[in-house]
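Okay, structure first, notes after.
In the numbering used here, the protein residues as written are 17 to 178.
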């Protein structure tokens, strides 16, 4: 690399983004919208080297123009999707849950906790909750796995882990 170009490239490391944007405009003859310092340093380095070494060959430029002319370019995003099918997201139902209408019960500190399974959620004391864990937290005041709290997931024993 030419020593003069090498010095210019090394000087890029000490430049601010504003200075790099000015250097970019000098090298490429047009302003840049980028404010990414490393990107600007790489592009300016490439531009300086291309200027010194002649850039792309005429044959490569011609082929690039051909490819660009043949490309199906979309300048704007489509305004609407005509074939999109939209429906509410419905996560798959957990196999551990009994069918809607089932009442889950659990004894906790002398009281019986009763929860009704709904199509979407769980009814506890007239209020609908999205998860059993939320109900278990309200009842106990601590975080619980709702399936475990209501006995829908068996507890592992120490012997099962081995």
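Even glycine gets a Cβ: it sits at the ideal position worked out from N, Cα and C.
### Task
With distances taken Cα to Cα, identify the nearest neighbour of residue 61 among 45, 92 and 25.
Of the candidates 45, 92 and 25, 25 places its Cα closest to the Cα of residue 61.
### Query
From residue 21 to residue 65, what does the alpha carbon distance come to, in whole angstroms?
Taking the straight line joining both Cα atoms gives about 7 Å.
### Query
Is the CB-CB distance between residue 156 and residue 163 below 8 Å?
No, these two residues do not count as a Cβ contact at 8 Å.
### Query
Going along the chain, which residues of its own chain have a beta-carbon closer than 6 Å to the beta-carbon of residue 43, five neighbours each way excluded?
Apart from the 5 residues on each side of it in sequence, residue 43 sits with its Cβ closer than 6 Å to the Cβ of 60 and 63 in its chain, given in chain order.
### Message
Please list the terminal residues of the continuous beta strand (DSSP E) segment that includes residue 128.
### Response
Run containing residue 128: 127–134, per the beta strand (DSSP E) assignment.
### Message
Alpha carbons only, please: which of 166, 161 and 114 is nearest the one belonging to residue 129?
### Response
Minimum Cα distance to residue 129 is reached at 166.
### Message
Mapping the DSSP letters down to three states, classify residue 111 as helix, strand or coil.
### Response
Under the three-state reduction of DSSP output, residue 111 falls in the coil class, being neither helix nor strand.
#### Entry: Buried versus exposed, by CB contacts within 10 Å (16 or more), residue 154
Exposed: under 16 other Cβ atoms inside 10 Å.
### Per-residue burial, residue 152 [other beta carbons within 10 Å of its own, 16 or more giving buried]
With 16 or more other Cβ atoms from the protein chains shown falling within 10 Å of its own Cβ, residue 152 counts as buried.
### Query
Between which two residues does the alpha helix (DSSP H) containing residue 80 stretch?
Where residue 80 is concerned, the enclosing alpha helix (DSSP H) stretches over 74–86.
#### Entry: Member of 143, 161, 138 and 139 whose CA lies at the smallest distance from the CA of residue 149
Per the C-alpha coordinates, the member of 143, 161, 138 and 139 positioned closest to residue 149 is 161.
### Query
Across which residues does DSSP place residue 20 in a beta bridge pair?
Residue 20 is not bridged to any residue.
### Task
Give me the Cα-Cα distance between residue 85 and residue 51, rounded to the nearest whole angstrom.
The alpha-carbon atoms of residue 85 and residue 51 are separated by roughly 30 Å.
### Query
According to DSSP, which residues form a beta bridge with residue 120?
Partner(s): 131.
### Task
Keeping to the same chain, check which residues put their C-beta closer than 6 Å to that of residue 132; ignore five residues upstream and five downstream.
Here residue 132 has 119 and 139 as same chain residues with Cβ atoms under 6 Å from its own Cβ, once five neighbours each way along the sequence are excluded.
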